[in-house]
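A.B. asks:
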Amino acid sequence: VKVGDRVTLVGTDGAETITMEAISALADSFNYEFVCGISRRVPRVYLQGGKPVRSVHYLLDAFL
21 VKVGDRVTLV
31 GTDGAETITM
41 EAISALADSF
51 NYEFVCGISR
61 RVPRVYLQGG
71 KPVRSVHYLL
81 DAFL
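Counted from 1, the sequence shown has number 84 at position 64 by the working numbering; the numbering is strictly sequential.
Okay, structure coming up:
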């Protein structure tokens with residue numbers, strides 16, 4: 021992964037899907053622990069019908 025690459029931390033990308041439950045099982049932890057650990061540095065892209073409908077970048081928005 022390089023700077024600027026798009027990655028999917030949780031969800032579906034093509035035919036691949038990863039859930040919080042799957043991540044927590046691999047780490048032998050609780051799913052909410054990972055949700056709480058995703059900081060505001062990670063931009064959010066909200067999809068509807070597989071298409072982006074909204075994007076939020078908390079770190080950049082704080083300075084604009």
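Here a beta-carbon is modelled for each residue, glycine too, at the ideal position from N, C-alpha and C. Keep in mind that this is a model prediction, so the values were computed, not measured.
Can you give me the C-alpha to C-alpha distance between VAL30 and PHE83, rounded to a whole angstrom?
C.D. replies: 27 Å
A.B. asks: Relative to the C-alpha of ARG74, which candidate in TYR66, THR39, VAL23 has its C-alpha closest?
C.D. replies: TYR66
A.B. asks: Over what stretch of residues does the alpha helix (DSSP H) that includes VAL43 continue unbroken?
C.D. replies: A small correction: the amino acid at residue 43 is Ile; Val does not occupy that position in the sequence shown. Where ILE43 is concerned, the enclosing alpha helix (DSSP H) stretches over 40–47.
A.B. asks: Going by the CB atoms, is the gap between ASN51 and SER44 shorter than 8 Å?
C.D. replies: yes
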